[in-house]
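Below is one structure, written out as C-alpha cells; comments come after it.
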Amino acid sequence: MKNIKKIMVAAVLGLGLTTITSCKKILKEELVSEIVPANFYKTEADARAAVNSVYNELYTYDLYVQPMWNLTMLDDDHVSGADWFLGSAGAGNPQNYFGIDNPWIGYYKVIARANIVIENVGPMTGINEIIKNRILGEAYFLRGWSYFQLVQLYGKVPLRLKSLTADKNADIPRASIKEVYDVIISDLKMASTNLVAPNDANVGEVGRVNKAVSESFLAKVYLTIGSASAPATTVRVRSGNINETVDYPHTKEVVAGYNVFNSQEYFALARAKALEVIDTYKSLYPLYTSWTDLWKKDNRNKGEHMWMLQSLEGTAFTNQMHTYFSARSLFGTGAVYMTNSHYNDYEDQDLRILNGVVHNYTANNTAQTKYYYPRRDATKYQVVNGVTYTNNGTTNEKAYIIKYSDVTSPLLGVSDAHFPFLRFSELYLIYAEADNEINGPTGSPAPLTALAAINTIRGRAMATNVPSTITKEGLRDFVLAERAREFALETGIRHFDLLRWGLYLSVMNKVTAPQDNINKKRVLRNLLLPIPLSEMSTNKLIGGNNPGW
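The opening residue of the sequence shown carries number 16 in the working numbering; numbering runs sequentially from there.
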C-alpha cells in the first residue's frame, strides 16, 4: 500500500508574498503519493517548493521566532532590559535559556534541506535553466550562510555536505575553522555564480536572496576572517558603564583556529568585494535619508533593505520582535532597550537617537502611564503638546528603539515585524573597516576612501564627519563604534563584532556598573555556545564539547 504523506509548501519568504492577493496561498497543502526524488522533482513548481522548505526553517523556534536573536542580540555591552528576560543569555547564562540547543538544530536543518535541493534540482531537465540555477544559488547561499552562523556561534563544527540519502553516515568529526570557512566561501561563490541581480526579471520573490546579497555576505565573511586573524592590535572601546566617556584599550582573546589565516589578505578581499557591491548596486539600494522612513512598515524590502525575513500577520510566519523591543508592548512596556551609556555615545543631533529612539510613549497598562526619555532632556520631552510625561530617572530611564515598532497589530504577542538580515549601509562600513586596515583613513583613491565611506553613513544620520586627521588606529576604533550606533539591536551585529575582534571578554568584563543590574561578567566559555548533548550522544566522532561546557 502506498504511503500517503502531506507536504506543507510555504510560499512565504520567497514568501510567495509578491502581492497582497497571494496571502491566501501562504500555506498550500498537497497530497502526494510516495514522495521521493524520482517522482517529485519533475517541474519548476517542485523546485520552487523544495527551496521554499529551506527558507521555512527560519520561521521556527529553532531560529528567528526567538532563539537566534535571544542568544546574540541580548548578549552585548549595549543592551539592557528586564531581568526576567535577560537573566539567562543576556546575563551570560545561555544554558538556562530554553532555546540553547535550537540554533544548532535549526541551521543544520537548513543545511540538510539545502543539500536535498542541490542534489535533486541540479539534474532536473525541462525547466527554465535560469530559474533552476537561481534556485540552486539560493540553496548554496543558505547552506554557506548557515555554516557562517554556526562557525561564529560554535567554532569548529561538522561539515555535512550531502543529504542522509546520499550519505547515511551520521558520525562526522568537527572540521577546523579554516575548513568550515573554505566551505562557506565556496558556497557563497557558487551562489553568486547562479543567482541573478536584484533587478533581473528572473529574480526570486520578495524575501529571497539574490546575487547582491550573496556578494555582500562574502565581503562580510572576508572581514570576519581578517579581523579575527589580525595580530593582537590594540583596539579602544568604551566600557558601557553609565556615563562612561573614556575609551579603554582591550586585550584580544579570540576563538582558537584563526591564526592560520593571513589577515591582510582577507582585509584586501573584503575591501575589494565590498567596493564591487557598492559600485554595482548602490543605485538599486539607496540609503534612506529619513531614519523614521527606514523603519516604516510600508518601506519594508525597499531602499537599503537588501534582505529581510518576511512576516505576515495571521499566519505561522510571525515573530516576537515587536513585543520585546518596542516601548508599548503586550507586557505594558518592552523588555529590551539600548543602554543609557550607548545612547550617550551618539551626538545630540544624530537622527539615530533623535528619531530612532522613542522619547514619548504611553505604556500598555491599566494606568496608561506616559513616559519620556531621557530625563536629562526634560525641557524637550517632559511636556509635549500640553501632555505631561514622567521619568523617575531610574526604572523609567529606558531607550527603546523604533526598528520593530511599526506593525499591523502592535498589541498582539506575535507580529509581522520584518527582521533585517542585511542593509546596504553595512557595505560602506565593511569597506571602511577593511580599507583602513589596508590603506589607512585616506590612502585609497577618491572618492571612496575609508574616511569617505564612514562619513557616508554618518552624513545620513546628520552626525559630524570623522576628522580628516584621524589615525589608522583611531579609525579602527571609530568604525566599531559606528557599527554599534548604526546597527543597535539588529541581527546580533555588536555581539559578533566583539567576538571577531577578540574584544568580547575584555569589553564585557569592563562593565562594572551595568544598567538594571543585568550581569555583564563573562568567562572563557561564553566565547562559544555549547554543542547540544543530543549531538554529543549520537555523533561518535564529535569529540569533546566547547571549552568550559
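Using N, Cα and C, we set each Cβ at its ideal position, and we do this for glycine too.
In this text, all values refer to a predicted model and were calculated from it rather than measured experimentally.
Beta strand (DSSP E) segment containing residue i, residue limits
{"i": "Phe436", "result": "Phe434 to Arg438"}
{"i": "Ala89", "result": "Before going on, a small fix: residue 89 reads as Leu here, not Ala. Run containing Leu89: none; DSSP gives neither H nor E here."}
{"i": "Arg251", "result": "Val250 to Arg253"}
Reduced DSSP secondary structure (H/G/I, E/B, other) of residue i
{"i": "Gly14", "result": "Here the chain comprises residues numbered 16 to 564, so residue 14 is not present and cannot be evaluated."}
{"i": "Thr348", "result": "strand"}
{"i": "Ile142", "result": "coil"}
{"i": "Lys40", "result": "Confidence at Lys40 is low in this model, with a pLDDT of 29, below 50, so the placement of that residue is unreliable and no value is reported for it."}
{"i": "Ile240", "result": "helix"}
{"i": "Tyr263", "result": "strand"}
{"i": "Val228", "result": "helix"}
{"i": "Pro482", "result": "coil"}
{"i": "Ile416", "result": "strand"}
{"i": "Arg223", "result": "coil"}
{"i": "Lys57", "result": "coil"}
{"i": "Lys235", "result": "helix"}
{"i": "His93", "result": "coil"}
{"i": "Tyr387", "result": "strand"}
{"i": "Val69", "result": "helix"}
{"i": "Leu539", "result": "helix"}
{"i": "Thr423", "result": "coil"}
{"i": "Val402", "result": "strand"}
{"i": "Arg175", "result": "coil"}
{"i": "Trp322", "result": "strand"}
{"i": "Arg315", "result": "coil"}
{"i": "Ser207", "result": "helix"}
{"i": "Ser305", "result": "coil"}
{"i": "Ser552", "result": "helix"}
{"i": "Ser6", "result": "In the structure as shown, the chain starts at 16 and stops at 564, and residue 6 therefore has no counterpart that could be examined."}
{"i": "Ser201", "result": "helix"}
{"i": "Gln191", "result": "The residue you asked about is not Gln; residue 191 is Ser in the sequence shown. The answer is coil: DSSP assigns Ser191 none of H, G, I, E or B."}
Local Cβ density within 10 Å of residue i, reported as buried at 16 or more and exposed below that
{"i": "Glu45", "result": "Because Glu45 carries a pLDDT of 37, less than 50, the predicted location of this residue cannot be relied on, and the following value inherits that uncertainty. The residue in question, Glu45, is exposed, as its Cβ has fewer than 16 Cβ neighbours within 10 Å."}
{"i": "Lys124", "result": "buried"}
{"i": "Thr333", "result": "buried"}
{"i": "Asn407", "result": "exposed"}
{"i": "Asp182", "result": "exposed"}
{"i": "Ala185", "result": "exposed"}
{"i": "Glu144", "result": "exposed"}
{"i": "Leu179", "result": "exposed"}
{"i": "Trp99", "result": "exposed"}
{"i": "Asp363", "result": "exposed"}
{"i": "Asn470", "result": "buried"}
{"i": "Ala60", "result": "exposed"}
{"i": "Ala499", "result": "buried"}
{"i": "Asn258", "result": "exposed"}
Segment limits, alpha helix (DSSP H) that includes residue i
{"i": "His374", "result": "No alpha helix (DSSP H) holds His374; DSSP gives it neither H nor E."}
{"i": "Met477", "result": "Premise fails: Met477 is in no alpha helix (DSSP H) and is neither H nor E."}
{"i": "Met523", "result": "Tyr519 to Lys525"}
{"i": "His337", "result": "Met336 to Phe340"}
{"i": "Arg515", "result": "Ile508 to Arg515"}
{"i": "Trp99", "result": "Asp98 to Leu101"}
{"i": "Thr295", "result": "Ser278 to Tyr296"}
{"i": "Tyr396", "result": "Ala393 to Tyr396"}
{"i": "Lys183", "result": "Run containing Lys183: none; DSSP gives neither H nor E here."}
{"i": "Ser356", "result": "Asn355 to Tyr358"}
Beta carbon of residue i nearer than 7 Å to that of residue j
{"i": "Leu86", "j": "Ala104", "result": "yes"}
{"i": "Ser440", "j": "Glu319", "result": "yes"}
{"i": "Pro213", "j": "Ala227", "result": "yes"}
{"i": "Ile199", "j": "Phe163", "result": "yes"}
{"i": "Glu452", "j": "Phe232", "result": "no"}
{"i": "Ser95", "j": "Thr266", "result": "no"}
{"i": "Gly107", "j": "Asn454", "result": "no"}
{"i": "Asp215", "j": "Gly159", "result": "no"}
{"i": "Leu543", "j": "Gly114", "result": "no"}
{"i": "Gly152", "j": "Leu73", "result": "no"}
{"i": "Val166", "j": "Arg189", "result": "no"}
{"i": "Ala154", "j": "Ile187", "result": "no"}
{"i": "Lys177", "j": "Asn130", "result": "yes"}
{"i": "Pro264", "j": "Thr248", "result": "no"}
{"i": "Asp365", "j": "Ala478", "result": "yes"}
{"i": "Glu328", "j": "Thr457", "result": "no"}
{"i": "Tyr386", "j": "Tyr404", "result": "yes"}
CB contact below 7 Å: residue i versus chain B
{"i": "Met321", "result": "In summary, chain B is missing from the structure at hand, where a single protein chain is found."}
Can at least three beta-carbon pairs, one atom from the region 138-156 and one from the region 110-122, be found at a separation below 8 Å?
-> The region 138-156 vs the region 110-122: no contact.
For the region 418-435 and the region 394-408, state whether three or more C-beta atom pairs, one from each stretch, are separated by less than 8 Å.
-> The answer is no - the region 394-408 does not touch the region 418-435, with fewer than three Cβ pairs under 8 Å.
Should the region 503-523 be regarded as contacting the region 52-72, the criterion being three or more beta carbon pairs within less than 8 Å?
-> These segments do not touch.
Does the region 296-310 come within contact of the region 541-558, defined as at least 3 CB pairs closer than 8 Å?
-> The region 296-310, when compared against the region 541-558, does not touch it at the 8 Å Cβ threshold.
Validate contact between the region 413-428 and the region 309-317 using beta carbons, cut 8 Å, 3 pairs | Contact holds: three or more Cβ-Cβ distances are below 8 Å.
Evaluate the contact criterion for the region 456-470 versus the region 345-363: three or more CB pairs, one atom per stretch, below 8 Å.
-> Because the criterion of three Cβ pairs below 8 Å is not met, the region 456-470 and the region 345-363 do not touch.
Can at least three beta-carbon pairs, one atom from the region 276-291 and one from the region 232-241, be found at a separation below 8 Å?
-> Touching, yes, given that three or more Cβ pairs across the two stretches are closer than 8 Å.
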